[in-house]
Amino acid sequence: MTAEAAPGNADVGVGLAGLEHHGDADLVPGLTDLAVNVRSTGTPGWLAARICGTDLAAYPDQRTAVEAAGEVLLTAGAAEAFVLLARVLRPRHAVVVHPQFTEPEAALRAAGHEVDRVVLPFPFALDPALIPADADLVFVGNPTNPTSVVHQRAVLLELVRPGRLVVVDEAFADCVTGEPESVAAQADLDGLVVIRSLTKTWGLAGLRVGYVLAAPDVVALLAAAQPLWPVSAPALTACVATASDPALREVQAWARALARERGHLLACLADLDLAAVVPDASASFVLFDTGIADVRTRLHRRGFAVRRGETFPGLMPGWIRVAVRDTPTSDRFAAALREVINHA
Ligand SMILES: Cc1ncc(COP(=O)(O)O)c(C=O)c1O
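Each residue of the sequence shown is one higher than the last, beginning at 1 in the working numbering.
Next up, the structure:
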């Protein structure tokens, strides 16, 4: 696909099977991993030590974690939140804004709901006018995986209206210093559901922990659908530990370092002859169109695994998502990609 992707409502891109594809499936043993977007340096040592110190003999007690995280519903990652929402809500017209993480749509379909796709055109900025007026459930990512676009808070809030629930997946919100576009701090959450995750920032994909912020009636509905002890004691330890002031400062420093490295990667890409690069990337990855359908296999031969774009509705072969790593890795990757482009 070129930069002029099909705008508006369209069922383009992949079939349902593609919704199940995730970045870890694009990993290739032995290659430099630019496919997975979880913190590449792993769980910080101090946090791993705290988690390992958890008493495993007792049943999990959420009280301290809920106090630390605020009035929230703790979940086994954002993934559980998508499934809970899909199972308890009865939307008449559910809309998923794409390209975005495919699990919200997969969960809705698995629960028997029809899903209307709104596929944003390049450069993938959210346009409220594209959302059907009668949509009563809208899923949007912010910042969005895989585009790395951060939508403005004011634009997201424009989507909220009586009779509609707007679900904002903020799994990557920590990537943006100060989180100016997050709706998590919104005093009035009526009509809003915010999903957060500890997976990406803290390198905790294996622990399964996240949380939902929503109006009390929505939280109660979701909680009623959870099993007993839905979040493990080590996951609760992580919630408490990452809500501390030093941890919050660490996140800010991480986001600033990420921004520097992302700037370097984007500068490297600007020197290459690419069909399109999503501007103003805000998360821990960048998305671009190489215009080369078999770019991934060509990169494999040069030692790099990247996330394919075409399993995201709205993207075609040639689009790839590349994780932000350190400067030497980005330099090596840019050199490899230049060779791929020159020999295509
Ligand atoms: C945008 C987005 N939201 C949510 C998730 C899942 O997060 P969790 O590990 O908390 O289930 C992912 C994982 O790739 C993601 O990319």
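We put the CB at the ideal spot given by N, CA and C, even for glycine.
(1) Tell me which residue opens and which closes the beta strand (DSSP E) that D289 is part of.
(2) If we call anything under 8 Å between Cβ atoms a contact, is V324 one with S284?
(3) Is A78 close to ligand 1? I mean its beta-carbon at under 7 Å from any heavy atom of the ligand.
(4) Between the region 227-245 and the region 254-262, can you find at least three pairs of beta-carbon atoms closer than 8 Å?
(5) Counting only runs of 4+ residues fully inside the region 240-307, write out the alpha helix (DSSP H) ranges in chain order.
(6) Thinking C-alpha only, which one of V194, D331, F101 is nearest G23?
(7) With hydrogens ignored, establish whether the beta-carbon of G141 is closer than 7 Å to any heavy atom of ligand 1.
(8) Since K200 and R39 should fall inside the 8 Å C-beta cutoff, what is the C-beta to C-beta distance between them, to a whole number of angstroms?
(9) At a threshold of 7 Å, does S282 count as lining ligand 1 (C-beta to nearest heavy atom)?
(10) To the nearest angstrom, how far is the alpha carbon of A76 from that of P162?
(11) Relative to the C-alpha of V166, which residue among N145, L137, P123 is closest?
(12) How is the beta strand (DSSP E) around R109 delimited, first residue to last?
(13) Pop quiz: L269 and A334 are said to be a contact at Cβ under 8 Å. What is the actual Cβ separation, rounded to whole angstroms?
(14) Going by the C-beta, is F285 closer than 7 Å to any heavy atom of ligand 1?
The answer reads as follows:
(1) Looking up residue 289 in the sequence shown gives position 289. Start and end: 285-289.
(2) What you label residue 324 is simply residue 324 of the sequence shown in a count that begins at 1. What you label residue 284 is simply residue 284 of the sequence shown in a count that begins at 1. Contact flag set, yes.
(3) The residue you call residue 78 lines up with position 78 of the sequence shown. Yes, the beta carbon of A78 sits closer than 7 Å to at least one heavy atom of ligand 1.
(4) no
(5) 245-270, 295-301
(6) Sequence index remark: in the sequence shown, residue 23 carries index 23 (1-based). The residue with the shortest Cα to Cα distance from G23 is F101.
(7) Here the question's residue 141 lines up with position 141 in the sequence shown. Yes, the Cβ of G141 comes within 7 Å of a heavy atom of ligand 1.
(8) As a first step, residue 200 is located in the sequence shown; it is residue number 200 there, counting from the start. As a first step, residue 39 is located in the sequence shown; it is residue number 39 there, counting from the start. Contact flag correct, Cβ pair sits at about 6 Å.
(9) Translated into the one-based positions of the sequence shown, residue 282 becomes position 282. Every heavy atom of ligand 1 is 7 Å or more from the Cβ of S282, so no.
(10) In the sequence shown, counting from the first residue as 1, residue 76 sits at position 76. In the sequence shown, counting from the first residue as 1, residue 162 sits at position 162. Straight-line Cα distance between these residues: approximately 30 Å.
(11) Here residue 166 is taken as the residue at index 166 of the sequence shown, counted from 1. It is L137.
(12) In the sequence shown, counting from the first residue as 1, residue 109 sits at position 109. Note, R109: premise wrong, no beta strand (DSSP E); alpha helix (DSSP H) at 103-110.
(13) Translated into positions along the sequence shown, residue 269 becomes position 269. Translated into positions along the sequence shown, residue 334 becomes position 334. Confirmed, Cβ separation roughly 7 Å.
(14) Start at 1 with the first residue of the sequence shown, and residue 285 comes out as number 285. No, ligand 1 has no heavy atom inside 7 Å of this Cβ.
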